[in-house]
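S.K.: Quick note: the sequence shown uses numbering that gives the first Met the number 0, first residue 0, plus one each step. C-beta atoms are modelled at their ideal positions from N, C-alpha and C, and glycine is treated no differently. Fair warning: this is a prediction, and the values are worked out from it, not measured in the lab. I'd like to ask you about the structure that follows.
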Amino acid sequence: MFDNVKSTLSKAVKSRILILILVLIILAFILIQRLFHLQIINGESYQTDFTMQIKRTRELKSTRGNILDSDGNPLAYNRLSYSVTFADSGSYDTVKEQNLTLNSSMYGILKILEENGEEINTSSFAIGLDDNGSYYFTKSGFNLQRFKADIYGRLTIDAMTDEEKNATAEKMIEEMCAAKKFGLDLSSYKGSELEAYGLPESFTREEVLKLAAMRSAVAANSYQKYVTATLATDVSEKTMSLIMENKDLYPGVDVEEDSVRVYEDSKYFAPLIGYTGQISAEEMETLNADGGSYKNGDIVGKSGLEQHFEKELQGEKGSQTVYVDNMGKVVDEEAEVSPEAGSNIQLTINRDLQKTAYDILESYIAAIVYQNMVDAKEVDNESAGSDEIRIPVYEVYYALFENQILDVDHLSSDDASDLEKQVYQAFLSKEDNVFSEIRSELTSDQPTAYQDLRDEMKAYSSYIVNDMLADGTGILDTDAIDKNDETYKAWREDETISLKEFLTYAISKDWIDIGKLQLDSEYLASDEIYNALADYIFDYLKTDEAFTRQVYKYMIEEEQLSGRDICLLLFDQGILEKNDDDYAALAAGTMGAYDFIRSKIYKLELTPAQLALEPCSGSVVITDPDSGNVLACVTYPSYDNNLLANNMDSKYYEKLRTDKSSPFYNRATQEVTAPGSTFKLVTATAGAMEGVISIYDTINCTGKFDLVEKDNPINCWIYSAANGWGFHGPETMETAIRDSCNFYFNTVGYYLGQNADGEYVGDMSRLNKYAEMYGFDSTSGIEISEMDPQIATADPTRAAMGQSNNAFTTSQLARYVTTLANSGTCYDLTLLDKITDSTGNTQEEPDPVVHHQLELPADLWNTIHAGMHDVTINNGNGIFADLQTQYNFNAAGKTGTAQQRTDKANHALFIGYAPYENPEISMAVRITNGYSSRNAALVAKDIMCYYFNLKDKDSIIDGTAGNAIQNVTKGSNQD
């Protein structure tokens with residue numbers, strides 16, 4: 000037995016299993032000992048060290064590059080500022096505790112900011128609050144869907160549910176207020192909890208919006224707590240001090256050094272420079288797809304040169320290595336990589352020339368309005384013809400309301416003047432009558448057909464359908480409407496049905512989006528839906544400022560509101576200064592409203608941009624003929640881009656967006672019209688080069704060109720339809736350019752339109768070949784958004800004089816006249832002089848780019864130039880003749896008039912260069928609805944006088960439209 004035991008033990012000792020067990024026991028012992036040493040003996044030390052071992056890298060902002068004029072003067076630069084930031088580094092046991100803590104901090108910070116007149120940074124938050132107290136989306140399309148995805152915590156837009164994609168602004172705010180999200184619905188907390196955290200019993204809807212924006216900004220960094228969220232930018236030193244004094248009350252808040260974008264002389268350069276703002280989701284996707292590294296909250300160029308040179312201006316971000324504890328709180332900092340400032344963009348623009356050209360242009364537009372205004376309620380412009388269009392002063396009265404110069408809200412404010420209160424009471428009485436009549440039409444069993452309504456009710460009905468239901472709210476889904484539907488035609492074209500009939504039918508055809516009425520249509524009959532729609536219309540109109548302005552318009556028309564009262568309101572609302580003799584005269588009745596308005600236009604205290612009548616806009620582009628460099632690129636009217644950069648002023652933006660003078664519309668690069676007679680030099684070139692006419696041949700102008708259409712002849716401008724005569728007689732190429740003879744160029748266009756057999760077939764190829772050589776085949780090359788040119792596709796006889804469907808921008812006309820001035824080199828225009836780094840070292844200095852080269856015989860160039868010189872001194876206007884006689888200064892140019900509609904004034908155009916003998920500048924001028932080309936030529940003349948120091952600047956620009964008023968003409972057939 001003993002031997003058996005001994006044998007068994009011997010086998011066990013030799014067994015590999017036993018050896019493995021012993022090894023495992025030893026290893027376990029070592030592990031237990033090590034764990035005891037780490038956790039018990041040195042646990043506290045290692046815990047402390049552990050909090051220092053989480054290494055993170057955070058970005059450091061770069062400084063945006065400056066934009067400078069040709070002399071190095073800053074047009075866009077950065078100013079040191081302070082931003083309020085917040086980083087949530089707290090530790091919470093429950094969502095409720097987190098919400099109470101953060102809402103307490105956010106609310107306290109919000110109150111400090113509001114009490115000091117600061118604005119919360121809400122530019123990236125896509126929800127706003129309208130005047131009716133309703134939440135609405137401030138973004139659309141991709142940017143809105145990306146915002147929704149971020150709020151709902153979805154990585155991609157496609158990851159959202161249909162319910163999330165279709166959520167309304169109200170629904171999203173409701174969900175953000177929920178306890179499981181931001182907990183902004185304070186009714187879910189006990190009174191003791193609210194008191195403990197310093198919270199009120201409830202938030203206002205405006206507070207909810209701001210707090211939701213603040214919480215969402217902080218939540219965006221929930222996985223990177225060491226990254227701060229910016230709550231407010233460019234705060235005052237007082238605000239900064241208060242925030243710093245209360246840091247202990249609101250853990251996570253801080254004030255950091257930042258910079259804000261500043262624009263010098265903003266109204267002169269805003270459409271050119273553009274502005275910056277927080278990056279949108281769509282912009283981030285586009286820029287990053289092109290190699291960028293942009294993130295939420297980054298500042299980027301939104302328009303103009305800021306946008307075009309975004310990559311150059313942006314610079315390179317730096318980085319800083321930090322150590323954070325296990326709660327994300329920064330506990331130590333390591334070395335950093337400094338950010339690299341963006342490059343500076345130096346422009347070809349001459350700042351003083353740009354400003355002067357803008358002021359000259361404004362004064363002439365004001366002069367045209369002044370000269371063509373009449374003391375009348377209405378005029379018959381339908382039958383007057385484009386040369387005789389007049390502006391009744393009542394259009395000015397309307398415009399002061401319609402273009403939001405007068406603030407209709409202030410009329411009912413607590414600090415309203417006696418006159419404002421009086422006007423408001425009259426409005427309330429008028430409004431009651433209007434609503435009563437609208438209600439009658441919407442509820443009557445026998446509503447009135449649209450065609451039988453009085454004009455005022457027609458305007459209201461059209462407003463309800465087009466402006467409110469279609470454009471304003473989208474309740475009327477215009478995409479769903481069958482445009483061939485007979486009932487729709489009866490409303491839209493025939494006007495034989497009533498508003499009620501149309502809306503009832505629209506409901507039956509599902510053209511009305513019932514969901515936007517927040518109705519449960521499943522349980523409502525059609526008449527119930529209609530009644531709900533009618534109630535919605537009334538509720539909407541009662542607080543709709545645009546509709547209110549419509550009512551004021553008819554108060555003016557019915558003389559319930561006098562012109563004198565309107566003029567006095569300009570003083571009461573601070574639009575005009577009261578320390579003015581005109582105020583006393585107006586109040587006393589010794590000056591009439593008509594004379595008062597004209598005096599304010601004369602003094603430019605009321606500008607064409609404010610009135611937004613026709614004319615109210617224009618453009619000038621001035622170039623260097625030897626390079627294509629743009630010396631000035633002026634569009635009128637403009638805006639203040641300082642109010643759009645950084646933290647956008649949303650009210651100002653909305654005012655600009657709805658302004659009837661369209662200040663966002665760059666007239667120099669985006670407005671296309673027919674070039675009129677300025678195009679005739681292309682025709683002269685084509686005629687001579689194609690051999691259809693020589694420079695010495697004569698064409699006898701009889702006043703009426705009828706070679707193509709006997710029954711529809713083209714009249715030369717000199718021909719008088721009323722008198723039945725008018726002609727130039729024999730014209731050579733030079734005299735035809737001088738006289739701008741339509742007949743001559745119609746005839747050349749006729750020859751160019753013939754085939755090889757001499758048969759007129761309307762061929763456009765030969766004329767268009769030379770239009771392309773002058774640069775009309777593409778955009779001008781200028782580095783901001785520009786509309787494509789349109790070379791005429793038919794009717795060479797009309798195209799030859801700049802009509803047909805020719806359509807070009809002022810910038811494209813500027814490239815054309817640059818080519819004429821230098822005798823054939825068609826440059827791509829440019830605004831860029833050079834790009835330098837932040838220390839001034841040149842990084843890029845582009846050479847001029849030649850787009851086309853016209854090789855024309857010297858005698859042809861001489862003829863064209865001589866004809867253009869004759870235009871300035873001999874063609875009946877003789878606008879520049881005094882410069883020749885007084886200063887021995889010669890210029891060259893070509894006038895042009897483009898007719899858009901017979902019931903509107905013609906567009907006035909001029910292209911030219913100077914000095915005639917050795918051109919230093921070339922320019923194109925357009926005044927939209929400027930009546931006569933003479934008016935555009937006068938603008939060019941004054942610009943030349945300034946640029947070449949022929950006259951003292953004060954005699955050209957004296958702060959009024961007086962100088963221009965002496966020169967402008969009410970209208971002329973000559974082009």
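1) Report yes if the C-beta distance between T62 and T227 is below 7 Å; otherwise report no.
2) Going by other Cβ atoms of all chains shown within 10 Å of its Cβ, with 16 needed for buried, is M326 buried or exposed?
3) What distance in whole Å lies between the Cβ atoms of T829 and S342, which are believed to be in contact at a cut-off of 8 Å?
4) Among A904, D957 and F947, which one has its Cα closest to the Cα of I367?
5) Using DSSP with H/G/I as helix, E/B as strand and the rest coil, what is Q370?
6) Between N349, P270, Q370 and D358, which lies nearest to K952 when the distance is taken from Cα to Cα?
7) Helix or strand or just coil, what does DSSP make of Q32?
8) Write down the C-beta distance between I126 and L352 rounded to the nearest angstrom, noting that I regard them as a contact closer than 8 Å.
9) Nearest to V849 by alpha carbon, out of M772, T896, I920 and Y930?
10) Could you name the residues that DSSP lists as bridge partners for N343?
11) Rounded to the nearest angstrom, what separates K709 and V760 at their Cα positions?
12) Which stretch, first to last residue, makes up the alpha helix (DSSP H) that contains P270?
13) Rounded to whole angstroms, what is the Cα-Cα separation between D161 and E670?
14) Could you pull the start and end residues of the beta strand (DSSP E) that T634 belongs to?
15) Between N665 and the rest of its own chain, which residues show a CB-CB distance below 6 Å, the 5 nearest in sequence each way excluded?
16) What are the boundary residues of the alpha helix (DSSP H) that includes G892?
17) Roughly how many angstroms lie between the CA atoms of G132 and Q549, to the nearest whole one?
18) Are there 16 or more other CB atoms within 10 angstroms of the CB of R797, so buried, or fewer, so exposed?
19) The alpha helix (DSSP H) that contains P795, what's its start and end?
20) When you compare the segment 451–466 with the segment 540–556, are there three or more beta-carbon pairs, one atom per stretch, that lie closer than 8 Å?
21) How about P674 and T927: are their beta carbons less than 7 Å apart?
22) What's the C-alpha gap between D858 and S931?
23) Let me know if E1037 comes out buried or exposed under the rule of 16 or more other beta-carbons within 10 Å of its beta-carbon.
24) To the nearest angstrom, report how far apart T50 and L241 are at their CA atoms.
25) Relative to the alpha-carbon of I108, which residue among L59, S201, D253 and L74 has its alpha-carbon at the smallest distance?
26) As an exercise, report each continuous alpha helix (DSSP H) stretch of at least 4 residues that is fully enclosed by the segment 427–478, in chain order.
27) By Cβ distance, which residues of its chain are closer than 8 Å to N115, with the 5 residues on each side in sequence left out?
28) Considering only their Cβ atoms, is the gap separating R78 from V299 smaller than 7 Å?
29) Hey, would you say L208 sits closer than 7 Å to L183, going by beta carbons?
30) To the nearest angstrom, how far is it from the Cα of L143 to the Cα of S215?
31) Counting only runs of 3+ residues fully inside the segment 571–643, write out the beta strand (DSSP E) ranges in chain order.
32) Residues in the same chain with beta-carbon distance under 7 Å from E401, minus the five sequence neighbours each way, listed in chain order, please.
33) Of all the options N245, I16 and T355, which has the alpha carbon lying nearest to the alpha carbon of I955?
34) Near P636, what residues of its chain come up, given a Cβ to Cβ distance below 6 Å and the 5 sequence neighbours on each side ignored?
35) Starting from Q789, follow the alpha helix (DSSP H) in both directions and report where the run begins and ends.
M.R.: Taking the geometry as given:
1) Cβ distance not < 7 Å, so T62 and T227 don't count as in contact.
2) Annotation note: pLDDT 49 at M326 (below 50); position unreliable, coordinate value reported separately. M326 should be labelled exposed.
3) Their Cβ separation, rounded to whole angstroms, is 16 Å, which puts S342 and T829 out of contact at 8 Å.
4) The shortest Cα separation from I367 among A904, D957 and F947 belongs to A904.
5) Three-state DSSP puts Q370 in a helix.
6) Checked all of N349, P270, Q370 and D358; the closest Cα to K952 is D358.
7) In the structure shown, Q32 sits in a helix (DSSP, three-state: H, G or I).
8) Here I126 is actually not in contact with L352; their C-beta atoms are around 44 Å apart, not less than 8 Å.
9) Put simply, of M772, T896, I920 and Y930 the residue whose alpha carbon is nearest the alpha carbon of V849 is M772.
10) Bridge partners of N343: T835.
11) Going by the C-alpha atoms only, they are around 16 Å apart.
12) S265 to I272 is the span of the alpha helix (DSSP H), which, as asked, contains P270.
13) If I take the Cα positions, the gap works out to 41 Å.
14) Its beta strand (DSSP E) spans residues V629 to Y635.
15) Only residues of its own chain outside the window of five on either side were considered, and among them P270 and T634 have a CB closer than 6 Å to the CB of N665, listed in chain order.
16) It is not in any alpha helix (DSSP H) - G892 instead sits in the beta strand (DSSP E) that spans A891 to A897.
17) Answer to the nearest angstrom: the Cα atoms are 22 Å apart.
18) That one is buried.
19) Taken as a continuous stretch (DSSP letters only), the alpha helix (DSSP H) holding P795 covers P795 to A798.
20) As far as the Cβ criterion goes, the segment 451–466 touches the segment 540–556, which means the pair count is three or higher.
21) T927 sits away from P674, with the two beta carbons spaced by 7 Å or more.
22) Distance between the alpha carbons of D858 and S931: 31 Å.
23) Missing from the structure shown is residue 1037; the chain here goes from 0 to 974 and no further.
24) Unreliable positioning characterises T50 in this predicted model, as indicated by a pLDDT of 49, which lies under 50. A coordinate reading is not provided.
25) Of the candidates L59, S201, D253 and L74, the one whose C-alpha sits nearest the C-alpha of I108 is D253.
26) List check, alpha helix (DSSP H) in window: 454–461.
27) Only V234, S235, K237, T238 and L241 meet the Cβ criterion.
28) Cβ atoms of V299 and R78: not closer than 7 Å.
29) Cβ atoms of L208 and L183: not closer than 7 Å.
30) The alpha-carbon atoms of L143 and S215 are separated by roughly 15 Å.
31) Unbroken beta strand (DSSP E) stretches of 3 residues or longer found wholly inside the segment 571–643: 617–622 and 629–635, given in chain order.
32) If we look at E401 and ignore the five residues flanking it on each side, its Cβ neighbours are R548, K552 and K659.
33) Closest by alpha carbon: T355.
34) Counting only residues of its own chain and dropping the five nearest sequence neighbours on each side, P636 has a CB closer than 6 Å to the CB of A608, S660 and P662.
35) First-last for Q789: undefined, no H or E at that position.
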